[in-house]
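One structure is given below, encoded as structure tokens.
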Amino acid sequence: MPDDNGVVATHYRIDPSQAPVTLAGGLRAFPVSDSRDPAHKNLIAVLTRPELPARPRITLARSGAPLPHLVLPQEYGTGRDLSGKSGWFIICDGLPGPAIGLPRTPWREQEIIACVLLPAAAALLALQAGGLTHRAINPDNLFRAAVQEPVTLGPFWAAPPASLQPALFEPPYMARCLPAGRGDGTIADDVYALGVTLLILASGRVPLATLDDAAILRRKVELGSFTALTTDMPLPQMITDLLRGMLAEDPDHRPSPKLLLNPEQARARRIAARPPRRAQQALKIGDHQVFSARELAFGLGLQPDLAYPLLKTGAAEYWLRRNLGDPQLGMALEDVTRKPSEQAVPEDARHREMMVMLSVCAIDPLSPLAWRGVAVQPDGIATALAAAPPEAAAALEEVVNAEAVVPYLEARERRPELVARRDDARDFRRWLGSRGPAGGLKRLIYGVNPMLACTSPLLASHIVVRITDLLPALNEAAAAADRSKPPIDAHIAAFIAARADSTVTAELIALKSFAGPAERLTVLRLFARLEARLQPGPLPGLAGWLLQSGFATLEDWRSHSRRGELEETLKAAAAAGQIGAMLHLVDDPAARRADEAGAEQATARLRVLQAALDDIKGSEARRTRIAQTLGQELATGAGLLGLLGSVISLALH
Amino acid sequence: MAAPGTPARSKASAMWLQGLACGALLAFAPAMALLLGVLLAPAIACFAADMEQGRGATRSVAIACVAGALSPAWHLWLAGNAFGVAITLLCDPLTLVLAWGAGACAWALCQVVPALLQSLWSVRETLRTHKIEAEMKRIREEWHLEE
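Chains as they are written, first to last, in our numbering: chain D, 13 to 665; chain H, 3 to 149.
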């Protein structure tokens with residue numbers, strides 16, 4: 013096997029003389045050169061994390077047109093770093109310089125605006141025009157060649173949106189979500205992250221640095237982002253004015269990137285957002301006291317077990333009406349809690365969770381979809397499923413099964429464009445409900461995350477994101493695999509069902525297991541079709557694996573001699589790595605029919621022979637009788653001859 | 003009770019007729035009866051010993067003995083059925099050897115021929131059985147068929 017360490021995406025070689033770069037969120041990037049164009053050296057290969065799929069819309073598009081102050085992917089593919097560890101790499105232009113990181117001293121106002129705000133706003137404007145978001149703006153992901161140079165926004169496509177962002181840089185309704193479930197969001201969420209970045213640069217320190225993410229989130233919910241982050245921070249007035257808009261709770265109140273290109277206008281823009289009402293008397297949810305509607309929604313979503321009694325008894329509604337003095341909100345909540353249930357069993361867990369979710373949404377329309385304490389954005393469910401821990405994954409499974417996204421979106425009148433996700437919800441539920449090894453949660457996860465690597469243990473360390481990489485990876489993994497076990501498992505089956513076209517996967521989806529001979533033949537047929545479709549070249553490892561694990565077997569062939577001949581041919585085909593040829597030998601209907609006919613003829617011949625054998629054994633008595641009769645007749649004949657002789661003799665004398 | 007005309011009645015009638023014939027022979031030709039009684043003694047003994055249906059051996063022995071006794075009986079008849087001639091004939095060893103030898107030969111044929119035939123047939127059937135079993139084994143192995 014050739015030494016392919018350091019080769020990524022087929023054409024790129026990692027430069028061993030340069031150290032890898034650590035990007036925001038811990039991602040690593042390796043300087044690479046293009047073997048097709050050695051002169052083009054300023055390239056990097058970003059190594060993605062297997063559990064965090066790259067953003068498909070951006071990665072797969074691979075736009076050729078450069079966007080200002082942005083690093084865009086050019087190519088992608090599997091590869092190995094210099095130590096031989098395989099991974100999924102995305103190639104992009106090299107970064108202009110180091111990340112600006114956390115400043116040791118406050119930046120000057122002019123430098124912030126000229127070097128950060130204006131280029132970042134231009135980049136966001138370009139992204140907005142393409143219907144994209146960045147969702148990874150923070151000081152560790154802003155790069156520049158030298159002081160006074162404009163920054164470039166670093167890679168944002170190598171992981172799900174905002175999945176690597178600290179809670180500090182996310183608005184509360186995003187920070188509340190699972191990191192991988194924050195969804196694409198809107199450009200206003202990028203403006204928020206840019207605002208926090210400006211705050212850090214302008215103040216020279218990180219706000220709320222001593223708090224963890226949960227505490228930061230709670231502080232933002234209690235005080236509002238602007239107050240929570242800027243209190244006691246020394247800021248120039250210009251930056252303060254900008255941040256008041258950029259850190260607004262409501263994304264509609266934040267300035268657009270286009271407006272940010274003119275900072276004077278942006279600072280002068282005032283959206284008269286009504287300050288949130290605060291109650292004199294707190295409502296207790298467990299150990300926590302809430303004073304505002306947003307805090308109530310946050311607390312109810314966080315602790316659904318405590319929330320349901322408050323909602324069912326009307327305590328929350330009473331508090332909203334009497335203590336907070338917001339009868340409209342109380343009425344909205346009443347509409348949810350008193351609504352006749354469509355559930356067959358109103359008191360079941362799903363009904364309770366649905367009521368809590370809709371109540372949270374009614375109290376705070378900005379809140380994410382909260383289910384059993386787990387929060388996600390509707391467009392982040394797919395990526396959240398891929399990276400969620402088991403408990404959260406179970407809650408997300410319930411969300412999909414209940415199609416909770418639909419009532420959630422119906423309740424959120426602020427985002428009518430998201431109603432298009434209704435079809436997604438139905439597809440998700442259908443995939444989740446599909447049975448067999450190629451169905452269920454794995455089918456859903458691979459189906460909704462086109463850039464998620466297959467996590468089958470059979471693949472060992474090989475990274476497979478595209479269906480085209482699957483067969484070569486299995487072929488290589490076969491060398492170290494236990495070949496008595498099948499070369500397919502539920503992960504690979506679900507992966508194929510999700511990524512291959514339906515003409516290949518129709519039989520696979522109908523499979524209930526890999527145990528029976530018919531099922532094994534179906535798997536062999538599947539691999540043969542993939543081989544024919546993808547043309548990966550000879551696959552001796554995988555073919556041998558299929559042969560030794562019994563997926564390419566002639567055991568049910570009736571004719572011993574013909575089977576012996578075919579087995580030799582089958583072994584030769586496996587050695588040559590031709591799965592299609594193996595299938596042709598194993599699954600040849602005409603030859604099978606001839607074999608069956610031969611077996612039937614043999615059975616008939618056996619019956620004839622057995623009858624002859626029985627006849628021989630049964631004819632002994634008859635033979636004895638015939639022999640005796642013959643002996644007696646012979647003796648009688650001889651006697652008669654003697655008698656005749658005597659008569660003649662007497663007559664002559 | 004057997005119905006009229008049945009084999010049992012016919013057999014009884016035949017026995018009665020045979021008895022009548024023997025009685026008549028004893029009454030009208032006692033010398034002939036003596037000669038035939040002695041010369042056909044092997045047939046009579048075989049008749050007594052042969053329990054097989056149809057008494058094929060008895061028939062063969064009787065015919066052979068009759069062939070051997072025909073010439074002495076003819077001479078006795080020509081000699082006027084005299085007891086002295088009958089005794090003389092019976093004292094001639096050749097007469098007894100011929101009659102009894104013929105009966106013995108017939109009896110021997112009845113015993114030896116079936117044994118020989120059975121041996122030959124047994125060898126032939128054994129060879130055929132082996133051939134069939136070999137073919138059955140080959141078919142079972144070729145086609146994986148259970149016995």
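Just so you know, even glycine gets a beta-carbon here, dropped at the ideal spot from N, CA and C.
Kindly indicate the opening and closing residues of the beta strand (DSSP E) around PHE101 (chain D).
Within the first sequence, residue 101 (chain D) is the residue found at index 89, counting from 1. Where PHE101 (chain D) is concerned, the enclosing beta strand (DSSP E) stretches over 98-105.
Here's the rule: buried if 16 or more other CB atoms are within 10 angstroms of the residue's CB, otherwise exposed. What is GLY166 (chain D)?
As a working mapping, residue 166 (chain D) is identified with position 154 in the first sequence. Per the 10 Å Cβ criterion, buried.
In chain H, what lies closer than 8 Å to VAL659 (chain D) by C-beta?
Counted from its first residue, the first sequence places residue 659 (chain D) at position 647. Per Cβ cutoff of 8 Å: LEU72.
Mind pulling the chain D residues with CB within less than 9 Å of ARG11 (chain H)?
In the second sequence, counting from the first residue as 1, residue 11 (chain H) sits at position 9. Those do not exist, as ARG11 (chain H) stays about 27 Å from chain D at its closest Cβ, beyond 9 Å.
For ALA616 (chain D) and chain A, any beta-carbon pair shorter than 8 Å?
Absence of chain A from the displayed structure is noted, the protein chains being D and H.
Would a C-beta distance cut-off of 8 Å place LEU259 (chain D) and ALA278 (chain D) closer than the cut-off?
In the first sequence, the residue the question calls residue 259 (chain D) occupies position 247. In the first sequence, the residue the question calls residue 278 (chain D) occupies position 266. The answer is no: Cβ separation not under 8 Å.
Reducing DSSP to helix, strand and coil, say where ARG306 (chain D) ends up.
Sequence index remark: in the first sequence, residue 306 (chain D) carries index 294 (1-based). If DSSP states are grouped into helix, strand and coil, ARG306 (chain D) belongs with the helices.
Which runs of the alpha helix (DSSP H) spanning at least 4 residues fall entirely within the segment 202-270 of chain D, listed in chain order?
Runs of the alpha helix (DSSP H) inside the segment 202-270 of chain D: 225-235, 237-242, 249-258.
Secondary structure at ARG651 (chain D), three-state DSSP: helix, strand or coil?
Taking the first residue of the first sequence as position 1, residue 651 (chain D) is located at position 639. Arg is not the amino acid found at residue 651 (chain D); the sequence shown has Gly there. Here GLY651 (chain D) sits in helix by DSSP.
For ALA117 (chain H), which of D:THR636, D:PHE42, D:GLY649 has the nearest alpha-carbon?
Working through the second sequence from its first residue, we reach residue 117 (chain H) at position 115. If we check each option's Cα against that of ALA117 (chain H), D:THR636 comes out closest.
Taking only beta-carbon positions, decide if SER98 (chain D) is within less than 8 Å of chain H.
For this step, residue 98 (chain D) is matched to residue 86 along the first sequence. No, its Cβ sits nowhere closer than 8 Å to a Cβ of chain H.
Quick one: list the residues of chain D neighbouring GLN2 (chain H), beta-carbon separation under 7 Å, in chain order.
This structure does not reach residue 2 (chain H), given that chain H is present from 3 up to 149, and the question cannot be answered.
According to the neighbour-count rule (16 or more other Cβ atoms, all chains shown, within 10 Å of its Cβ), is GLU346 (chain D) buried or exposed?
For the purposes of this step, residue 346 (chain D) is taken as the residue at position 334 of the first sequence. With 16 or more Cβ atoms within 10 Å of its Cβ, GLU346 (chain D) is classed as buried.
For the segment 565-578 of chain D, enumerate the residues whose C-beta is nearer than 8 Å to any C-beta of chain H, in chain order.
Those residues of the segment 565-578 of chain D that come within reach of chain H (Cβ to Cβ, closer than 8 Å) are ARG570, SER571, HIS572, SER573.
Which residues in chain D sit within 8 Å of ALA104 (chain H), going by Cβ to Cβ distance?
Looking up residue 104 (chain H) in the second sequence gives position 102. Simply GLY651, GLY654.
Alpha carbon to alpha carbon, what distance is there between PHE238 (chain D) and SER689 (chain D)?
As displayed, chain D neither begins before 13 nor continues past 665, which places residue 689 (chain D) out of reach and without an answer.
Classify VAL477 (chain D) as helix, strand or coil using the three-state DSSP reduction.
Translated into positions along the first sequence, residue 477 (chain D) becomes position 465. Of the three classes helix, strand and coil, the one that applies to VAL477 (chain D) here is coil, per DSSP.
Starting from ALA587 (chain D), find everything on chain H with Cβ-Cβ shorter than 7 Å and list it in chain order.
One-based indexing of the first sequence puts residue 587 (chain D) at position 575. Under the 7 Å cutoff, chain H gives no residues; its nearest Cβ is about 26 Å from ALA587 (chain D).
Is there a Cβ of chain H sitting closer than 8 Å to that of THR515 (chain D), yes or no?
Taking the first sequence and counting its residues from 1, one reaches residue 515 (chain D) at position 503. Not one chain H Cβ lies under 8 Å of THR515 (chain D).
Which residue marks the beginning of the alpha helix (DSSP H) containing SER45 (chain D), and which one marks its end?
Translated into positions along the first sequence, residue 45 (chain D) becomes position 33. Looking at the DSSP string, SER45 (chain D) is not in any alpha helix (DSSP H); the run it does join, the beta strand (DSSP E), is 40-46.
Contact between the segment 39-56 of chain D and the segment 110-123 of chain D: three or more CB pairs below 8 Å?
No, the segment 39-56 of chain D is not in contact with the segment 110-123 of chain D.
On the CB-based measure, 16 or more other CB atoms within 10 Å of its CB, does GLU135 (chain H) come out buried or exposed?
Sequence index remark: in the second sequence, residue 135 (chain H) carries index 133 (1-based). That one is exposed.
Let me know if GLY459 (chain D) comes out buried or exposed under the rule of 16 or more other beta-carbons within 10 Å of its beta-carbon.
Residue mapping note: residue 459 (chain D) aligns to position 447 of the first sequence, counting from 1. Burial call: buried.
For LEU55 (chain D) versus ALA138 (chain D), is the C-beta spacing smaller than 8 Å?
Residue mapping note: residue 55 (chain D) aligns to position 43 of the first sequence, counting from 1. Residue mapping note: residue 138 (chain D) aligns to position 126 of the first sequence, counting from 1. The answer is no: Cβ separation not under 8 Å.
Which two residues bound the contiguous alpha helix (DSSP H) that contains ALA558 (chain D)?
Along the first sequence, read from residue 1 onward, the residue named residue 558 (chain D) stands at position 546. According to the sequence shown, residue 558 (chain D) is Leu rather than Ala. From DSSP, the alpha helix (DSSP H) with LEU558 (chain D) extends over 552-560.
Write down the C-beta distance between ALA398 (chain D) and PRO65 (chain D) rounded to the nearest angstrom, noting that I regard them as a contact closer than 8 Å.
The residue you call residue 398 (chain D) lines up with position 386 of the first sequence. The residue you call residue 65 (chain D) lines up with position 53 of the first sequence. Right, the Cβ-Cβ distance comes to about 6 Å (below 8 Å), so this counts as a contact.
HIS300 (chain D) bridges to which residues according to DSSP?
Indexing the first sequence from 1 puts residue 300 (chain D) at position 288. For HIS300 (chain D), which the question treats as bridged, DSSP gives the partners D:ILE297.
Our contact map puts VAL128 (chain D) next to LEU210 (chain D) with C-beta atoms below 8 Å; I'd like the distance itself, whole angstroms only.
Numbered from 1 along the first sequence, position 116 holds the residue referred to as residue 128 (chain D). Numbered from 1 along the first sequence, position 198 holds the residue referred to as residue 210 (chain D). About 7 Å; that satisfies the 8 Å criterion.
By alpha-carbon positions, which one of D:ALA133, D:PRO219, D:ILE199 ends up nearest to ASN274 (chain D)?
Locating residue 274 (chain D) in the first sequence gives position 262, where the first residue counts as 1. The candidate whose alpha carbon is nearest that of ASN274 (chain D) is D:ALA133.
For the beta strand (DSSP E) containing LEU55 (chain D), name the first residue and the last one.
Within the first sequence, residue 55 (chain D) is the residue found at index 43, counting from 1. Unbroken beta strand (DSSP E) run through LEU55 (chain D): 55-59.
In the DSSP output, which residue or residues are listed as bridge partners for GLY26 (chain D)?
As a first step, residue 26 (chain D) is located in the first sequence; it is residue number 14 there, counting from the start. For clarity, residue 26 (chain D) is Ile in the given sequence; the question names Gly instead. Paired residue(s): D:VAL44.
Could you give the DSSP three-state label for ALA489 (chain D): helix, strand or coil?
Position 477 of the first sequence, counted from the first residue, corresponds to residue 489 (chain D). It is helical.
Is the beta carbon of GLY216 (chain D) closer than 8 Å to that of GLY392 (chain D)?
Walking along the first sequence from the start, residue 392 (chain D) turns up at place 380. Walking along the first sequence from the start, residue 216 (chain D) turns up at place 204. Taking 8 Å as the Cβ cut-off, GLY392 (chain D) and GLY216 (chain D) do not qualify as a contacting pair.
Let me know if HIS52 (chain D) comes out buried or exposed under the rule of 16 or more other beta-carbons within 10 Å of its beta-carbon.
In the first sequence, residue 52 (chain D) corresponds to position 40, counting from 1. HIS52 (chain D) comes out exposed.
Return the chain-ordered list of same chain residues with a C-beta closer than 8 Å to the C-beta of ALA356 (chain D), the five sequence neighbours on each side being excluded.
Within the first sequence, numbered from 1, the residue matching residue 356 (chain D) stands at position 344. Note that ALA356 (chain D) scores 45 on pLDDT, short of 50, meaning its location in the model is unreliable and no value can be drawn from it.
I'd like the list of long-range same chain contacts for PRO14 (chain D), defined as Cβ closer than 8 Å, with 5 residues on each side in sequence excluded.
Working through the first sequence from its first residue, we reach residue 14 (chain D) at position 2. At PRO14 (chain D) the pLDDT is 47, less than 50, meaning the model places this residue with poor confidence and gives no usable figure here.
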